[in-house]
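Engineer:
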Amino acid sequence: MRSNAPRPRRITFDHDERIIICKPDTSASGNTCSFEENRATFTQPIHTDPLDDNWIPYMRECRERFAFRLFYALPSNPKTPYVINQSFKILSKLPSITHYEQYLAWNDVNKKTLTLRIASKREISNKFRTKELLDEKHLMFCCEYPFTIDFIAHFQTPHLLCMLVEQLPGGHLQDLVEKSGKVPFKYAQFYGGQIVLALEYLHNMSVILRDLRLDSIVICEDGYVKLTDLGNAISTSSADKLTTWFEDYRAGVTKMVPRLGFRPPEVWKGQAYNSAVDWWSFGLVLYKIYSGNDCFPEEPPSQFYEEQMKRKIFDLHYDTPRWFTAADRKIFKELLTLDPNERLGTVGDGVYSIKTHAWFKGNS
Numbered sequence: 024m025r026s027n028a029p030r031p032r033r034i035t036f037d038h039d040e041r042i043i044i045c046k047p048d049t050s051a052s053g054n055t056c057s058f059e060e061n062r063a064t065f066t067q068p069i070h071t072d073p074l075d076d077n078w079i080p081y082m083r084e085c086r087e088r089f090a091f092r093l094f095y096a097l098p099s100n101p102k103t104p105y106v107i108n109q110s111f112k113i114l115s116k117l118p119s120i121t122h123y124e125q126y127l128a129w130n131d132v133n134k135k136t137l138t139l140r141i142a143s144k145r146e147i148s149n150k151f152r153t154k155e156l157l158d159e160k161h162l163m164f165c166c167e168y169p170f171t172i173d174f175i176a177h178f179q180t181p182h183l184l185c186m187l188v189e190q191l192p193g194g195h196l197q198d199l200v201e202k203s204g205k206v207p208f209k210y211a212q213f214y215g216g217q218i219v220l221a222l223e224y225l226h227n228m229s230v231i232l233r234d235l236r237l238d239s240i241v242i243c244e245d246g247y248v249k250l251t252d253l254g255n256a257i258s259t260s261s262a263d264k265l266t267t268w269f270e271d272y273r274a275g276v277t278k279m280v281p282r283l284g285f286r287p288p289e290v291w292k293g294q295a296y297n298s299a300v301d302w303w304s305f306g307l308v309l310y311k312i313y314s315g316n317d318c319f320p321e322e323p324p325s326q327f328y329e330e331q332m333k334r335k336i337f338d339l340h341y342d343t344p345r346w347f348t349a350a351d352r353k354i355f356k357e358l359l360t361l362d363p364n365e366r367l368g369t370v371g372d373g374v375y376s377i378k379t380h381a382w383f384k385g386n387s
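Heads up, the numbering used here is the position in the sequence shown plus 23, with the first residue counted as 1.
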């Protein structure tokens, strides 16, 4: 199945980031980067050889392109350009994401519908909040992958910071799950495989997503999915690097801790964490997609609510429907492992252990 989606726009900035320049992207070597938009080909590494001749060079190219774009996304003068020749007509309001209100907008210049993300300058006057928005913008600019949303441009008005990203018409994966009750196995495989590939890409770029949720996954026009919210992602020197939310706070990173039902055990304990937190979150998301229920349902707040949720998670007290197969039980048991060093995706062959898991057998 071939995607008819347009090629991602290549956008770079001049040295002080005041002018948006659209031109072909280049890699660190100076050669034009090729980009394959046929997302069907990217699901093939699920359940394939880890030493695939094409996959490893592709990931290497992704890292080079990410690093090259990151270099140009971090100017000495972090001002964003004023765009005065763009006209947008707001069509409807979309669900909000971290830091931003979202709107479906019609661009009179290129005659296309786009997603316009807006943040009020008054509400982000805190310098740490400003840093978070800049960090997110830089990550959005640098990520160029079939399963992450395409960044188009950013600009500001006297009162607003704005970002333009592609418009994905399929709605949130959460809406699909809530309407259908649960997703058939082959579709759960299909969506789960793409989320694995998206996380693998981010971890290869030394980015920890930290807040994977169903409402941050959107369905594209061709039926594939993309991660759309990097608002709580953190870029590290290595995705294996250990850090804590408290250390992030002291360093000026005030991004929110995941809500109770999605909080990994190491975060509850205040321990250092690495990319293993994303595989815990993936287990919760996959459970919701496949079973139609939250793994650790949140209850009405009470005096002992937080302690009850913590006990439920550390006791691994979640339902396993009778129709779960042995492979179903196995993958959730291995993803929802309290010890991050023993968690599927971290232990053994890393992400390859997920790709070759019996649960993904037959998925391409």
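Note that CB positions come from ideal geometry on N, CA and C, so glycine has one too. Computed from a prediction, not measured in an experiment: that's the story for all the values here.
With the cut-off set at 9 Å, would you say Asp131 and Lys160 are in Cβ contact?
Structural biologist: Going by C-beta atoms, Asp131 is not nearer than 9 Å to Lys160.
Engineer: Relative to the C-alpha of Val290, which residue among Leu237, Val219 and Pro363 is closest?
Structural biologist: Selected option, being the one with the closest Cα: Pro363.
Engineer: Could you tell me the boundaries of the beta strand (DSSP E) in which Trp346 lies?
Structural biologist: That residue, Trp346, is in no beta strand (DSSP E); it is neither H nor E in DSSP.
Engineer: Does the separation of the CB atoms of Thr369 and Ala299 fall below 9 Å?
Structural biologist: Yes. Within cutoff.
Engineer: Between which two residues does the beta strand (DSSP E) carrying Glu124 extend?
Structural biologist: Glu124 -> beta strand (DSSP E) spans Tyr123 to Asn130.
Engineer: Are the beta-carbon atoms of Tyr313 and Phe164 separated by less than 9 Å?
Structural biologist: Not in contact: Tyr313 and Phe164 (Cβ atoms no closer than 9 Å).
Engineer: Any idea what DSSP makes of Gln190, helix, strand or coil?
Structural biologist: In the structure shown, Gln190 sits in coil (DSSP, three-state: anything other than H, G, I, E or B).
Engineer: Work out the CA separation of Leu307 and Lys333 for me, nearest whole Å.
Structural biologist: Each residue's alpha carbon lies about 15 Å from the other.
Engineer: For Leu199, tell me which candidate among Asn227, Ile240, His182 and Arg366 has the shortest Cα-Cα distance.
Structural biologist: Taking only the C-alpha atoms, the option nearest Leu199 is Ile240.
Engineer: Tell me whether Val241 sits in a helix, a strand or coil according to DSSP, three-state version.
Structural biologist: DSSP places Val241 in strand when its eight states are reduced to three.
Engineer: Can you list, in chain order, the residues of its chain with a C-beta nearer than 6 Å to that of Met82? Leave out the 5 residues immediately preceding and following it.
Structural biologist: Closer than 6 Å at Cβ, skipping near neighbours: Asn227.
Engineer: Spatial neighbours of Arg317 within its chain, please: C-beta separation below 7 Å, excluding the five flanking residues on both sides.
Structural biologist: The sequence given here has Asp at residue 317, not Arg. Only Gly284 and Lys311 meet the Cβ criterion.
Engineer: According to DSSP, is Ile257 helix, strand or coil?
Structural biologist: Strand.
Engineer: Indicate whether Leu309 and Ala211 have their beta-carbon atoms separated by less than 9 Å.
Structural biologist: Result yes, Cβ atoms of Leu309 and Ala211 sit closer than 9 Å.
Engineer: Give the single residue among Leu187, Tyr168, Pro169 and His182 whose Cα lies nearest to the Cα of Ala176.
Structural biologist: When only C-alpha atoms are compared, the closest one is Leu187.
Engineer: Taking three-plus beta-carbon pairs below 8 Å as touching, is the stretch 236 to 253 in contact with the stretch 166 to 175?
Structural biologist: A contact exists between the stretch 236 to 253 and the stretch 166 to 175.
Engineer: Alpha carbon to alpha carbon, how far is Asp234 from Lys144? Give it in angstroms, no decimals.
Structural biologist: Approximately 24 Å between the Cα atoms of the pair.
Engineer: Under a three-way DSSP split, which group does Gln217 fall into?
Structural biologist: In the structure shown, Gln217 sits in a helix (DSSP, three-state: H, G or I).
Engineer: What residue range is occupied by the uninterrupted beta strand (DSSP E) comprising Pro118?
Structural biologist: Per DSSP, Pro118 belongs to the beta strand (DSSP E) from Phe111 to Ile120.
Engineer: Candidates Arg140, Lys335, His182 and Lys116: which alpha carbon is nearest Glu146's?
Structural biologist: Ranking the options by Cα distance to Glu146, first place goes to His182.
Engineer: Could you name the residues that DSSP lists as bridge partners for His195?
Structural biologist: In DSSP, His195 forms a bridge with Val241.
Engineer: How big is the Cα-Cα spacing for Arg122 and Leu137?
Structural biologist: Per the sequence shown, the amino acid found at residue 122 is His instead of Arg. Cα to Cα, the separation comes out at about 18 Å.
Engineer: Using the Cα positions of His380 and Lys154, report the straight-line distance between them to the nearest angstrom.
Structural biologist: Approximately 39 Å, taken between the alpha carbons.
Engineer: Taking 7 Å as the limit between beta carbons, can you name the residues of its chain near Phe355, skipping five residues before and five after?
Structural biologist: Once the five neighbours on either side are set aside, the close Cβ partners of Phe355 are Gly306 and Tyr310.
Engineer: Hey, out of Glu244, Phe178, Glu322 and Leu358, whose CA is closest to Arg282's CA?
Structural biologist: With distances taken between Cα atoms, Arg282 lies closest to Glu322.
Engineer: What are the boundary residues of the alpha helix (DSSP H) that includes Ala299?
Structural biologist: Counting along the chain, the alpha helix (DSSP H) containing Ala299 begins and ends at Ala299 to Ser314.
Engineer: Under the three-state reduction of DSSP, which class applies to Thr379: helix, strand or coil?
Structural biologist: Three-state result, Thr379: coil.
Engineer: Could you check if Gly218 is buried or exposed, using at least 16 other CB atoms within 10 Å of its CB as the buried criterion?
Structural biologist: Looking at the sequence shown, residue 218 is not Gly but Ile. By the neighbour-count rule (16 or more Cβ atoms within 10 Å), Ile218 is buried.
Engineer: Let's test the definition: count the other Cβ atoms within 10 Å of the Cβ of Lys384 and tell me whether it reaches 16, buried, or not, exposed.
Structural biologist: By the neighbour-count rule (16 or more Cβ atoms within 10 Å), Lys384 is not buried but exposed.
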